[in-house]
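Asker: Numbering (the numbering used here), first residue to last: 9 to 640.
All residues carry an ideal CB built from backbone N, CA and C; glycine is no exception.
#1: How long is the line joining the alpha carbons of residue 136 and residue 179, rounded to whole angstroms?
#2: Rounded to whole angstroms, what's the CA-CA distance from residue 610 to residue 275? Just pull it up for me.
#3: For chain C, check one thing: does any of its Cβ atoms lie closer than 9 Å to the Cβ of residue 123?
#4: DSSP three-state label for residue 99, please.
#5: Taking the alpha carbon of residue 57 as the reference point, which residue from 47, 68, 71, 42 has its own alpha carbon closest?
#6: Can you tell me whether residue 652 is buried or exposed, with buried defined as 16 or more other CB within 10 angstroms of its CB?
#7: For residue 515, which beta-bridge partners are listed by DSSP?
#8: Just confirm the distance between the C-beta atoms of residue 123 and residue 117, as a whole number of angstroms; I'd bet it's less than 8 Å.
#9: For residue 130, write down the residues that DSSP places opposite it in a beta bridge.
#10: Return the chain-ordered list of same chain residues with a C-beta closer than 7 Å to the C-beta of residue 250, the five sequence neighbours on each side being excluded.
#11: Return the bridge partner residues of residue 541 from the DSSP annotation.
#12: Flag this pair as touching only if the segment 215-222 and the segment 184-192 have three or more C-beta atom pairs under 8 Å; answer yes or no.
#13: What does the alpha-carbon distance come out to for the pair residue 476 and residue 516?
#14: Under a three-way DSSP split, which group does residue 427 fall into?
#15: What's the call for residue 15, buried or exposed, on a 16-neighbour Cβ count within 10 Å?
#16: Please determine, among 629, 325, 299, the residue with the shortest C-alpha to C-alpha distance to residue 659.
#17: Does DSSP classify residue 377 as helix, strand or coil?
#18: Residue 412 by DSSP, collapsed to three states: which one?
#19: Compare the C-alpha of residue 624 against each of 612, 49, 607, 575 and name the closest.
#20: Go to residue 275, then tell me how far its beta strand (DSSP E) extends in each direction, as first and last residue.
#21: What is the DSSP secondary structure of residue 508, counted as helix, strand or coil?
#22: Select from 432, 431, 93 the residue whose C-alpha is nearest the C-alpha of residue 79.
#23: Under a Cβ-count criterion, where at least 16 other Cβ atoms within 10 Å of its own Cβ denotes burial, should residue 546 be classed as buried or exposed?
#24: Let me know the secondary structure DSSP gives residue 635 once reduced to three states.
#25: Under DSSP, the beta strand (DSSP E) around residue 434 begins and ends at which residues?
#26: List the whole-angstrom C-beta distance separating residue 453 from residue 435, where the pair is believed to meet the contact cut-off of C-beta under 8 Å.
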């Protein structure tokens, strides 16, 4: 553990940026949580005692915010905050004083909202077989594992129930999870061969590729498996939010494992309420464990972030109950329920409400989501991809709704197409489909395949010059027009995020016989529809005759484009200074009241402003393509 800690510290020290993700930051200990914060900023988080004192002081800020939001003005507002401001302005300034929230974000289901609900469906089963006692908990929880073959499939009442339930849910995708790989394998074999139900198995004895195939087969909505039978490995790392029926063939003894099982379906993207089906033999150890989970922890309907803590406290009593050596299950459930309530109350009382407020500011978040949705434009991406594949000889076949298969061909214009394997690849531009089909490549405008393809288009000469004729009554026949496409280029380091203010863009000019730009009068799309092609041999002869005229018009187009570039750079600089300058002033003001804002941070921002300004001023244009147009 010390070696791992040392490695993490060294890695964090040499990394330009660090992102740590966890759903349970304080699950194991407050010290562990603080050590992770220390990785993010060792200068800021030096002393855990001081950190706890700071967190306590922030509670008062949270109380002030709550008072302001109900229309009151606390008498002890900081002196630099004008009490006559709007409520939202005061709240924003109070949140700004929360030093930890500037590098730490924490959102809960209650804060974000919109998640699916969970419900338990109990299925009580009877059996003619005697429930035998045993000396080990594993033996009474999973008695079918005591069988040396699959004969237990005939006598276990859960098998008939499982078959009947899957037939009842014949239109739904169902995930079945059990504890052992052997159980999963035997269940899948039975359902597939004897019951005739399309199933797939997912367990640790399969290779990673075989598991991927099983998950893809299950995710196929048209002809895939209706049921995926998983061992415990299926409760980690895989997402099945397209299914809303979970069958727990058996229950794990660890509450955290149970939470992970439910979490395979209870994920972002789940659009329906989740039904958790649990079959159990009346009077069995699984019956007792189910009661403890439901009545003690309420784990089926609520997230239980402290399952391990509860289990460690009641483990000995619980095991004695499961073995039948204690008969006080009701009392154990009450004790557990009281302890869970106490933990929830303590967690609620100690919750950093200020951190939650600074983590998700709804107005800002909604605007970002709206901008992202607008920028993605999947229809335009598909159109671009199809044109790209057609130009470079890549086969682009329709696969299914919002999905396409890309394959290299012998007639490809280039020996290498970015991120396209020899045997092809299936892609989707739909985020919901990508969330359910991990075997598909999810393409966005930011994907390396698209970005590198764009670079390939710009770097090669393929398609960067052409000639055509155009009928225009307003222009004398035989007139030469030049359509020129320029792109802005700003070679700045990525960490400066210059594209935030100076995004890479194109400039289109259409120079007529008078040297004027008439691009606004004849849009590019309209020009494409009206222009006629010229044979290659004829085009070459024409180009030789009008070479001087072409060169003059290209020089004129470059001059006009550079004038436009000057305006673009001016606007970009103004936007950058307005945005980063406001942030600089904010940090400088915050530093006077919050010692956690270090001079180094302010200095880095000043350097970013200066460097960004320099790179924007040095931006230039690159001529990417020209079209020679002869009027007729």
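Answerer: Reading off the structure:
#1: 32 Å
#2: 39 Å
#3: This model lacks chain C altogether; it includes just one protein chain.
#4: helix
#5: 42
#6: Outside the modelled stretch of the chain, which goes from 9 to 640, sits residue 652, for which no answer is possible.
#7: 494
#8: 5 Å
#9: 286
#10: 181, 227, 444
#11: 476
#12: no
#13: 17 Å
#14: coil
#15: exposed
#16: Residue 659 is absent from the model: the chain starts at 9 and stops at 640.
#17: helix
#18: strand
#19: 575
#20: It is not in any beta strand (DSSP E) - residue 275 carries neither H nor E in the DSSP assignment.
#21: helix
#22: 93
#23: exposed
#24: strand
#25: 433-436
#26: Their Cβ separation, rounded to whole angstroms, is 13 Å, which puts residue 453 and residue 435 out of contact at 8 Å.
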